[in-house]
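Chains A and B are the protein sequences, given in the same order.
Residue numbering for the first sequence follows this note's numbering, beginning at 16 and increasing consecutively.
Residue numbering for the second sequence follows this note's numbering, beginning at 16 and increasing consecutively.
Note that the Cβ used here is the ideal one computed from N, Cα and C, for glycine as well.
Here's the structure, in structure tokens; my notes come after.
Protein chains: 2
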Amino acid sequence: MRKEAEERRNEILDAADELFSQRGFDGTSTKEILEKVGIARGTLYYHFKSKEDIMDALIERYSVNLLETAQEIAANKTIAINERIIGVVLALKISGGSSKEIMEHIHKPQNALMHQKIQKVIINGVPPILTGIIREGIEQGLFNTPFPYECMEMVVVYMNTVFDDDMVEMTNEEQATRIQAFTFNIERLLGVESGSLMSIVKQMFENGKG
Amino acid sequence: MRKEAEERRNEILDAADELFSQRGFDGTSTKEILEKVGIARGTLYYHFKSKEDIMDALIERYSVNLLETAQEIAANKTIAINERIIGVVLALKISGGSSKEIMEHIHKPQNALMHQKIQKVIINGVPPILTGIIREGIEQGLFNTPFPYECMEMVVVYMNTVFDDDMVEMTNEEQATRIQAFTFNIERLLGVESGSLMSIVKQMFENGKG
DNA sequence: TTTTATCGACAGACAGTCGGTCTATAAGGA
DNA sequence: TCCTTATAGACCGACTGTCTGTCGATAAAA
Numbered sequence: 016m017r018k019e020a021e022e023r024r025n026e027i028l029d030a031a032d033e034l035f036s037q038r039g040f041d042g043t044s045t046k047e048i049l050e051k052v053g054i055a056r057g058t059l060y061y062h063f064k065s066k067e068d069i070m071d072a073l074i075e076r077y078s079v080n081l082l083e084t085a086q087e088i089a090a091n092k093t094i095a096i097n098e099r100i101i102g103v104v105l106a107l108k109i110s111g112g113s114s115k116e117i118m119e120h121i122h123k124p125q126n127a128l129m130h131q132k133i134q135k136v137i138i139n140g141v142p143p144i145l146t147g148i149i150r151e152g153i154e155q156g157l158f159n160t161p162f163p164y165e166c167m168e169m170v171v172v173y174m175n176t177v178f179d180d181d182m183v184e185m186t187n188e189e190q191a192t193r194i195q196a197f198t199f200n201i202e203r204l205l206g207v208e209s210g211s212l213m214s215i216v217k218q219m220f221e222n223g224k225g
Numbered sequence: 016m017r018k019e020a021e022e023r024r025n026e027i028l029d030a031a032d033e034l035f036s037q038r039g040f041d042g043t044s045t046k047e048i049l050e051k052v053g054i055a056r057g058t059l060y061y062h063f064k065s066k067e068d069i070m071d072a073l074i075e076r077y078s079v080n081l082l083e084t085a086q087e088i089a090a091n092k093t094i095a096i097n098e099r100i101i102g103v104v105l106a107l108k109i110s111g112g113s114s115k116e117i118m119e120h121i122h123k124p125q126n127a128l129m130h131q132k133i134q135k136v137i138i139n140g141v142p143p144i145l146t147g148i149i150r151e152g153i154e155q156g157l158f159n160t161p162f163p164y165e166c167m168e169m170v171v172v173y174m175n176t177v178f179d180d181d182m183v184e185m186t187n188e189e190q191a192t193r194i195q196a197f198t199f200n201i202e203r204l205l206g207v208e209s210g211s212l213m214s215i216v217k218q219m220f221e222n223g224k225g
């Protein structure tokens with residue numbers, strides 16, 4: 016029955032994670048959460064000050080995990096630069112275990128707020144990590160741009176909006192064109208020869224499946 | 016008392032427009048809307064099937080107006096290409112009268128869903144318009160890219176996310192750097208000489224104030 | 001007479017509050 | 001050392017007020 020506050024908090028977050036993933040934030044009632052955990056109303060509000068507070072805690076837990084994983088990959092200097100870039104991008108989608116299916120269900124309209132908040136985390140958290148790698152690449156003469164951070168910001172924003180969200184509806188053919196164009200554009204942005212990033216971008220989309 | 020359906024619909028939309036702008040979608044109750052219009056509950060639900068339906072109609076009305084204005088500017092061949100690009104971009108912010116303050120209040124977290132829907136309209140509606148102008152520019156030898164559409168998509172997505180939303184919090188100094196980098200990146204994307212788009216981008220941000 | 005617009009009472013659901021309970025453990029006294 | 005009392009942290013569930021959407025009745029127009 017009685018548990019440590021942190022344990023209870025996590026139980027509540029686990030339950031909310033699953034329910035929000037299935038039904039969305041608006042589609043989940045606090046009653047469903049507390050019944051799933053097996054606690055009373057008051058207990059829920061003892062640990063969290065509001066329903067949105069639960070969502071914020073969930074995103075926090077998720078983000079920390081996500082960005083830590085990405086950072087670890089980025090900092091691993093034993094791996095080639097190209098491989099690290101791929102690894103960081105893929106880490107965003109596979110989502111390291113803690114919040115299992117959040118990313119799969121985040122795109123539904125019921126989750127607009129949650130989506131926006133996660134988007135914010137990614138847009139602010141990922142470019143700095145990627146920029147570190149790109150700077151190394153610039154030193155090695157692989158890339159050439161005076162604005163590596165803003166390049167990465169542009170790339171991350173675009174990928175997240177066009178390829179990961181349902182903002183743009185595309186046929187498979189249209190998506191193939193988009194990927195081709197995207198590759199071409201990144202090459203221009205990073206100041207490398209046309210075609211030299213084809214394999215790396217290809218890998219991102221194949222392994223990530225979208 | 017009794018009015019034509021379309022007139023009532025518009026009254027309701029006008030009231031909702033104002034209230035949503037002030038308090039956001041979630042923060043506005045249907046009661047407030049119907050009291051502002053001076054009708055009973057049943058009447059509201061006679062004209063709209065749900066609260067979200069009101070929002071969708073509002074966005075529809077807003078979008079049509081917005082994209083029509085942008086299209087008119089884009090099609091006006093008496094104006095120089097550069098001027099038309101600026102005009103289209105500015106049309107997005109100034110928002111042509113119909114929905115007065117929507118864009119000013121859209122960024123608050125309470126409006127996440129509305130924001131997402133408008134974002135979708137812009138990302139799908141604006142790039143085609145801009146691409147038309149860019150293609151003309153390519154023919155005239157002003158620009159050089161095999162992927163004008165995808166370039167514009169990238170530019171629009173980036174501007175809307177980084178400069179128009181509150182996704183990225185920036186100091187004035189940081190914003191200045193972002194604009195400088197943004198200009199540089201567009202130049203690379205459109206295959207023009209460094210510095211040649213400086214004045215046009217500058218105008219966009221000065222006239223639009225953000 | 002049929003269609004169209006309006007009304008307002010009502011049902012059902014939901015988020016968050018509040019007064020109070022229970023228990024482990026710490027503090028203090030014998 | 002043992003017993004009693006005090007405290008704080010975890011928990012409970014009834015209750016409040018609010019909100020969205022429904023429905024049958026009604027009035028006006030066509």
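Minimum C-alpha distance to residue i - residue among the options
| i | options | result |
| --- | --- | --- |
| A:V207 | A:K108, A:I153, A:M182 and A:E221 | A:I153 |
| A:D199 | B:L105, B:I101, B:R203 and B:I54 | Note on identity: in this sequence residue 199 of chain A is Phe, with Asp being the wrong assignment. The candidate whose alpha carbon is nearest that of A:F199 is B:R203. |
| B:Q195 | A:D179, A:L128 and A:Y164 | A:Y164 |
| B:K123 | B:S36, B:N25 and B:E221 | B:S36 |
| B:D68 | B:D32, B:A55 and B:I101 | B:D32 |
| B:Q86 | B:T186, B:R76 and B:P142 | B:P142 |
| B:R38 | B:N187, B:K135 and B:N126 | B:N126 |
| A:I54 | A:E26, A:E75 and A:E151 | A:E26 |
| A:S44 | A:E221, A:M70 and A:E98 | A:M70 |
| A:M182 | B:E188, B:K135 and B:K92 | B:K135 |
| B:E151 | B:N91, B:K64 and B:M185 | B:N91 |
| A:N222 | A:E98, A:R76 and A:D41 | A:E98 |
| B:I201 | B:Q190, B:M185, B:Y173 and B:D180 | B:Y173 |
| A:H120 | A:R24, A:E188, A:D41 and A:S209 | A:D41 |
| A:C166 | A:Q155, A:N175, A:I149 and A:D180 | A:I149 |
| A:R76 | A:G57, A:R24 and A:I101 | A:R24 |
Any chain A beta carbon closer than 8 Å to residue i
| i | result |
| --- | --- |
| B:E188 | no |
| B:N159 | no |
| B:V177 | yes |
Proximity below 8 Å, CB of residue i to CB of residue j
| i | j | result |
| --- | --- | --- |
| B:I48 | B:A72 | no |
| A:V171 | A:I133 | no |
| A:L34 | A:K18 | no |
| A:L205 | A:N159 | yes |
| A:D82 | A:G140 | Note that residue 82 of chain A is Leu in the sequence shown, not Asp. In this structure, A:G140 lies closer than 8 Å to A:L82 by Cβ. |
| A:L105 | A:M219 | yes |
| A:V177 | A:R193 | yes |
| A:L145 | A:V103 | yes |
| B:I74 | B:M129 | yes |
| A:M185 | B:M169 | no |
| A:H62 | A:A89 | no |
Proximal chain B residues relative to residue i, where beta-carbon distance stays under 8 Å
| i | result |
| --- | --- |
| A:L204 | N200, R203 and L204 |
Neighbour list for residue i in chain B, Cβ cutoff strictly below 9 Å
| i | result |
| --- | --- |
| A:F197 | F162, E165 and M169 |
| A:P124 | E67, L128, Q131 and K132 |
Interface partners of residue i on chain A, CB under 7 Å
| i | result |
| --- | --- |
| B:T146 | Within chain A, no residue comes near B:T146; the closest Cβ sits about 12 Å away, beyond 7 Å. |
CB contact check: residue i to chain B, cutoff 8 Å
| i | result |
| --- | --- |
| A:L128 | yes |
| A:R193 | yes |
| A:N25 | no |
First through last residue of the alpha helix (DSSP H) which encompasses residue i
| i | result |
| --- | --- |
| A:K132 | A127 to E154 |
| A:L49 | T45 to V52 |
| B:G57 | R56 to H62 |
| A:D29 | A20 to R38 |
| B:N200 | N187 to L205 |
| A:R76 | K66 to A90 |
| B:E165 | P163 to Y173 |
Proximal residues of chain A, C-beta to C-beta of residue i below 9 Å
| i | result |
| --- | --- |
| B:M182 | Q131, Q134, K135, I138, N139 and V172 |
| B:T43 | By Cβ distance, chain A contributes nothing, its closest Cβ being about 15 Å from B:T43, past 9 Å. |
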